[in-house]
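First up is the structure itself, then whatever we jot down about it.
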Amino acid sequence: MMDPSLIAFYAISAFILVTGFMTVISTRLFRSAIYLLFSLIGIAGLYFLLEVEFAAAVQIIVYVGGIVVLIIFSIFLTNQGGASMPFPHLIRRNVGAAAAMAGAAVVGTLAAAYEWHPFPITFDTSMSRIGHMLVGTGEGSLVLPFELVSVLLLAAMIGCIVIAMKSRHEEK
Amino acid sequence: MTDFLHLLHHELLLSLVIVCMLILKLADRGRSGSSWSNLLNVLLLINFAGGLLIEAEGSLFDGMFRSNALLHFEKNVLSLGLLLVGLLATPYLRNHKHSAEFHILIASTLLGMFFMLSAGHMLLFYVGLELATIPLAALAAFNLNRGESSEAGAKLILSSAFSSAFLLLGISFVYGTCGSLQFEQIALTVSGNPLQLLAFTLVFTGFAFKLSIVPFHFWTADVYQGAPIPVAAYLSVISKAAVTLVFISVLYSVFGALQATWTPYLLITALLTIITGNLFAMRQDNIKRFLAFSSIAQVGFILTGILGANVDSEGIVLYFLLIYLFSNLAAFGVAGLISAATGKESILDYRGLHASNPRLAWTLTIALFSLAGVPPTAGFFGKLFLLTSGASLGNYLFIGIAALNMVVSMYYYLRIVKAMFMETTAQPIGKIPTGVAPAIALALCIAGILVSGLSGSFYEHIHLLTLSY
Amino acid sequence: MTAIPLTHILVLSTLLFFIGVFGFLTRRNLIAMLMGLELMLNSVNINFIAFNKYLYPEQIEGLGFTIFIVAIAAAEAAVAIAIIINLFRTTHHIDAEQADSLKY
Chain R
1 MMDPSLIAFY AISAFILVTG FMTVISTRLF RSAIYLLFSL IGIAGLYFLL EVEFAAAVQI
61 IVYVGGIVVL IIFSIFLTNQ GGASMPFPHL IRRNVGAAAA MAGAAVVGTL AAAYEWHPFP
121 ITFDTSMSRI GHMLVGTGEG SLVLPFELVS VLLLAAMIGC IVIAMKSRHE EK
Chain X
173 MTDFLHLLHH ELLLSLVIVC MLILKLADRG RSGSSWSNLL NVLLLINFAG GLLIEAEGSL
233 FDGMFRSNAL LHFEKNVLSL GLLLVGLLAT PYLRNHKHSA EFHILIASTL LGMFFMLSAG
293 HMLLFYVGLE LATIPLAALA AFNLNRGESS EAGAKLILSS AFSSAFLLLG ISFVYGTCGS
353 LQFEQIALTV SGNPLQLLAF TLVFTGFAFK LSIVPFHFWT ADVYQGAPIP VAAYLSVISK
413 AAVTLVFISV LYSVFGALQA TWTPYLLITA LLTIITGNLF AMRQDNIKRF LAFSSIAQVG
473 FILTGILGAN VDSEGIVLYF LLIYLFSNLA AFGVAGLISA ATGKESILDY RGLHASNPRL
533 AWTLTIALFS LAGVPPTAGF FGKLFLLTSG ASLGNYLFIG IAALNMVVSM YYYLRIVKAM
593 FMETTAQPIG KIPTGVAPAI ALALCIAGIL VSGLSGSFYE HIHLLTLSY
Chain G
642 MTAIPLTHIL VLSTLLFFIG VFGFLTRRNL IAMLMGLELM LNSVNINFIA FNKYLYPEQI
702 EGLGFTIFIV AIAAAEAAVA IAIIINLFRT THHIDAEQAD SLKY
């Protein structure tokens, strides 16, 4: 008899991998985006299964609610909604598949063969602990990168506005 | 508290400058492009001068942020580079309606580089690296009405994100096997088991993309050609210098235990990079593509210097980067002036430049001589030192090939000099107005090339700095 | 819940990473390439969380790294999409292959 969480894990893994694979082979761009959405939701499910609820919440809010929506917007803004993408050239496809499979074989084998030593204590991801890590000043605090990310987001925002915004002069 | 201010003074000052730029932009009442440039260049000058004032040594946030005299020196060099790029960009920005945003974005990438250099923790390093790349992609796409420029931006951001993903996969395995993201802790626990070697290979691949080391160089020429010239100059000089310096510290101190692994990696990639860069540079007619491939070849020589990994190597590379900064900025500066005034970017258009613009022609000549490593310019000593550093390992065949390539590279650098001085064309470039700011920047570059080449005390200073850390 | 072996999670994340690599290498549409990249970054996130939970549960550095990767991926995607939209506006295509104004 298998452990129920193990069964759930295999089901979620299969879901993530199948939808992920459909994302990269679907010939319609919009369908690709929807498969990506499902794959990312599957990853959020995996985080729930691993009892890392905060990561699951971030995954849903930022990836599913933000990035995928952004991608779908951009598909419509570039009029590719119903567009179908030609199947990649045979040589390119085979080379890409060979490279990806070789890489997966090497990384997968080495990671699976490594002797990991799990440390069986509960993983405490309470909000207060995360808060102390992100903006606290105690040991192991990440406040400096946290502040730096805010500069990054500001710069990215300015860059996006400059590039994507149509100025009134141009429209005239 | 004063400790905090002293150690972080470069970063705090630069953040302040960025905030000032933002406020100025918000309070803007239809200021013209050139007055913007002057104002913002003054801010960059303050940034550079302020950086020189204080030197402090220590670390903050449990070793996450480190600072010492060597890092201060490196940051000063990068600030100077940003100032020069700002001055050289004046003619380009004169007619661009987003000149304030240009400066804000480019200054924030410098902030990212500062944190990346000072990082003692993988997370700070990664965030700094991304801050140093993402706004650059926006800058590469800054010629809003030209598809070429947008393509350059798209290629830059997609290839840099692709390389970041490999870097991150490597970092995740480092975390898994070492249990820490602190550089010092990692250095203590790296033992070289197969998974760690894989992790290191992935991290190396990520760096190879960012430094455009062959075979991960394919994005470079397209991005340089499509991006505005000041941005291409910044990419090829400042951001390359910053990533190289971090690469050195990651190789030497974090993965120092794996030297037996990275020596062959560096050897092979250095050889490929030098040869490929040279072969392609010979065939280019567009000055930007030419400079792109020539800068790929220069990275190969830098790798040769890193390969040595003896007490002098870091100082040698830093010295070469400084010379490279002055030389390449001067070359890009002249190309940028000509492109901004006439739109001409082909090497064939440079025929007869000496007759119409003797000063620009001489500036470009000195810069190209220095890039080629023609004695007695600074570039010659820089390359000589790099080769001696690489030769300390005893693989003389490799050094011989590198030296041979150095001679070959002189051919294509001199080709441009020949075109400017000895050839003529039916439609020569007319007299180009230089403008005050670019003239100052070019004069500084030339002074830098000459002083660092002729005066030994410059190298002595850098050498002593690197020895003590 | 520790019934799930760590190596299985690692195999999952590795497969997902290289599915993303495959997508990035074979797709010619810039938006589709971006989707491949998102898959790659997500697989790295899974790695970090799995290592953190299984091997080093006494601290939460891996989870912190994941949060930062998510934030930066969002910024990256936003800038990439802004550039792609502007590229479409000027040239009316978003195909990396048709982008033949720049060639080797």
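Residue numbers (the working numbering), protein chains in the order written: chain R, 1 to 172; chain X, 173 to 641; chain G, 642 to 745. Here a beta-carbon is modelled for each residue, glycine too, at the ideal position from N, C-alpha and C.
Hey, does residue i have any beta-carbon neighbour from chain G nearer than 9 Å?
i                     : result
residue 450 (chain X) : no
residue 309 (chain X) : yes
residue 407 (chain X) : no
residue 240 (chain X) : no
residue 137 (chain R) : no
residue 6 (chain R)   : yes
residue 373 (chain X) : no
residue 337 (chain X) : yes
residue 13 (chain R)  : yes
How many whole angstroms separate the CB atoms of residue i and residue j, which I take to be in contact at a CB cut-off of 8 Å?
i                     : j                     : result
residue 400 (chain X) : residue 465 (chain X) : That belief does not hold up - the Cβ atoms of residue 400 (chain X) and residue 465 (chain X) are roughly 19 Å apart, past 8 Å.
residue 655 (chain X) : residue 609 (chain X) : There is simply no residue 655 (chain X) to check, as chain X begins at 173 and stops at 641 in what is shown.
residue 392 (chain X) : residue 338 (chain X) : Going by Cβ atoms, the distance from residue 392 (chain X) to residue 338 (chain X) rounds to 17 Å, so no, they are not a contact pair.
residue 729 (chain G) : residue 103 (chain R) : Rounded, the Cβ-Cβ distance is 32 Å, inconsistent with contact.
residue 208 (chain X) : residue 290 (chain X) : The pair is not a contact, with the Cβ atoms about 30 Å apart (cut-off 8 Å).
residue 342 (chain X) : residue 375 (chain X) : 4 Å
residue 521 (chain X) : residue 621 (chain X) : Not a contact, Cβ separation roughly 25 Å.
Which residues of chain G have a Cβ atom closer than 9 Å to the Cβ of residue i, listed in chain order?
i                     : result
residue 163 (chain R) : 720, 723, 724, 726 and 727
Quick one: list the residues of chain R neighbouring residue i, beta-carbon separation under 8 Å, in chain order.
i                     : result
residue 647 (chain G) : 116 and 118
residue 690 (chain G) : 47, 50, 52 and 55
residue 300 (chain X) : 148
Quick check: is the beta carbon of residue i nearer than 9 Å to any beta carbon in chain X?
i                     : result
residue 131 (chain R) : no
residue 731 (chain G) : yes
residue 171 (chain R) : Note on residue 171 (chain R): pLDDT 43, under 50, position unreliable in the model; no value is reported.
residue 144 (chain R) : yes
residue 665 (chain G) : yes
residue 670 (chain G) : no
residue 656 (chain G) : no
residue 755 (chain G) : What the structure shows of chain G is the stretch from 642 to 745, and residue 755 (chain G) is not part of that stretch, so it cannot be assessed.
Do we get a CB-CB distance below 9 Å when we pair residue i with the residues of chain R?
i                     : result
residue 366 (chain X) : yes
residue 622 (chain X) : no
residue 349 (chain X) : yes
Can you pull the chain X neighbours of residue i, defined as C-beta to C-beta under 7 Å?
i                     : result
residue 158 (chain R) : 273, 276 and 277
Give the residues of chain G in contact with residue i, contact being defined as C-beta atoms less than 8 Å apart.
i                     : result
residue 353 (chain X) : 702 and 706
residue 21 (chain R)  : 660
residue 92 (chain R)  : 666 and 667
For residue i, return the contacting residues in chain G, with the cut-off set at a CB-CB distance below 7 Å.
i                     : result
residue 43 (chain R)  : 683 and 687
residue 32 (chain R)  : 673 and 676
residue 58 (chain R)  : 708 and 711
residue 684 (chain X) : A query on residue 684 (chain X) cannot be resolved here, the shown segment of chain X reaching from 173 to 641 and no further.
residue 65 (chain R)  : In chain order: nothing, as chain G lies at least about 11 Å away.
residue 62 (chain R)  : 711 and 715
At 9 Å on the CB atoms, spell out the chain R contacts of residue i, in chain order.
i                     : result
residue 680 (chain G) : 20, 23, 24, 36, 39 and 40
Using a cut-off of 8 Å between C-beta atoms, extract the partners of residue i located in chain X.
i                     : result
residue 69 (chain R)  : Neighbours of residue 69 (chain R) on chain X: none; closest Cβ ~19 Å, over 8 Å.
residue 140 (chain R) : 234
For a contact meaning CB atoms closer than 9 Å, what does residue i contact in chain X?
i                     : result
residue 653 (chain G) : The contacting residues do not exist; residue 653 (chain G) stays about 14 Å from chain X at best.
*Three or more beta-carbon pairs under 8 Å between the stretch 294 to 306 of chain X and the stretch 711 to 724 of chain G, yes or no?*
Contact holds: three or more Cβ-Cβ distances are below 8 Å.
*Of all the alpha helix (DSSP H) runs that stay within the bounds of the stretch 270 to 307 of chain X, which reach a length of 4 or more residues?*
Complete alpha helix (DSSP H) runs here, min 4: 271 to 290.
_Pairs of beta-carbons, one from the stretch 270 to 284 of chain X and one from the stretch 243 to 262 of chain X, closer than 8 Å: are there three or more?_
Segments in contact, yes.
*Could you name each continuous beta strand (DSSP E) segment of 3 residues or more that falls completely within the stretch 499 to 585 of chain X, going from the start of the chain to the end?*
Runs of the beta strand (DSSP E) inside the stretch 499 to 585 of chain X: none found.
*If you pair each beta-carbon of the stretch 111 to 130 of chain R with each one of the stretch 693 to 708 of chain G, do three or more pairs fall below 8 Å?*
A contact exists between the stretch 111 to 130 of chain R and the stretch 693 to 708 of chain G.
*Of all the alpha helix (DSSP H) runs that stay within the bounds of the stretch 14 to 52 of chain R, which reach a length of 4 or more residues?*
Secondary structure within the stretch 14 to 52 of chain R: the alpha helix (DSSP H) runs of 4 or more consecutive residues, fully enclosed, are 29 to 49 (chain order).
*Quick check: the stretch 473 to 490 of chain X against the stretch 442 to 457 of chain X, are there 3 or more CB pairs under 8 Å?*
Contact between the stretch 473 to 490 of chain X and the stretch 442 to 457 of chain X is present, with at least three C-beta pairs closer than 8 Å.
*asked:* If contact is defined by three or more beta carbon pairs under 8 Å, each pair taking one atom from either stretch, is the stretch 15 to 22 of chain R in contact with the stretch 31 to 45 of chain R?
replied: With the cut-off at 8 Å, the stretch 31 to 45 of chain R and the stretch 15 to 22 of chain R touch.
*Considering only residues of the stretch 455 to 491 of chain X, which uninterrupted alpha helix (DSSP H) runs meet the minimum length of 4 residues and lie entirely inside it, listed in chain order?*
If we require 4 residues or more, the alpha helix (DSSP H) runs fully inside the stretch 455 to 491 of chain X come out as 459 to 480.
*Of all the alpha helix (DSSP H) runs that stay within the bounds of the stretch 355 to 429 of chain X, which reach a length of 4 or more residues?*
List check, alpha helix (DSSP H) in window: 355 to 361, 366 to 382, 392 to 398, 401 to 406 and 412 to 421.
_Three-pair Cβ contact test at 8 Å for the stretch 342 to 360 of chain X versus the stretch 175 to 189 of chain X_ = No, the stretch 342 to 360 of chain X does not touch the stretch 175 to 189 of chain X.
*Ignoring anything shorter than 3 residues or poking outside the stretch 581 to 624 of chain X, list the beta strand (DSSP E) runs there in chain order.*
Runs found: none.
*Mind pulling the alpha helix (DSSP H) runs of 4 or more residues that sit fully within the stretch 106 to 150 of chain R?*
If we require 4 residues or more, the alpha helix (DSSP H) runs fully inside the stretch 106 to 150 of chain R come out as 127 to 135.
*Tell me, please, whether the stretch 490 to 501 of chain X touches the stretch 515 to 530 of chain X by the rule of three or more beta-carbon pairs shorter than 8 Å.*
No, the stretch 490 to 501 of chain X does not touch the stretch 515 to 530 of chain X.
*Ignoring anything shorter than 4 residues or poking outside the stretch 653 to 681 of chain G, list the alpha helix (DSSP H) runs there in chain order.*
Considered as a whole, the stretch 653 to 681 of chain G harbours no complete run of any alpha helix (DSSP H) with no fewer than 4 residues.
*Segment contact flag, the stretch 665 to 680 of chain G with the stretch 328 to 336 of chain X, C-beta cutoff 8 Å, min 3 pairs*: A contact exists between the stretch 665 to 680 of chain G and the stretch 328 to 336 of chain X.
*Take every Cβ of the stretch 60 to 70 of chain R, pair it with every Cβ of the stretch 607 to 627 of chain X, and state whether three or more of those distances are shorter than 8 Å.*
With the cut-off at 8 Å, the stretch 60 to 70 of chain R and the stretch 607 to 627 of chain X do not touch.
*the stretch 706 to 713 of chain G / the stretch 358 to 365 of chain X touching (three or more Cβ pairs under 8 Å)*: Judged by Cβ distances under 8 Å, the stretch 706 to 713 of chain G makes no contact with the stretch 358 to 365 of chain X, as fewer than three pairs qualify.
*Taking contact to mean at least 3 C-beta pairs separated by less than 8 Å, is the stretch 143 to 156 of chain R in contact with the stretch 195 to 203 of chain X?*
Using a Cβ-Cβ distance cut-off of 8 Å, the stretch 143 to 156 of chain R and the stretch 195 to 203 of chain X are not in contact, since fewer than three pairs of beta carbons, one from each stretch, lie closer than that value.
*Sequence ranges, beta strand (DSSP E) only - wholly within the stretch 306 to 359 of chain X, length at least 3*: Whole beta strand (DSSP E) segments, 3+ residues: zero.
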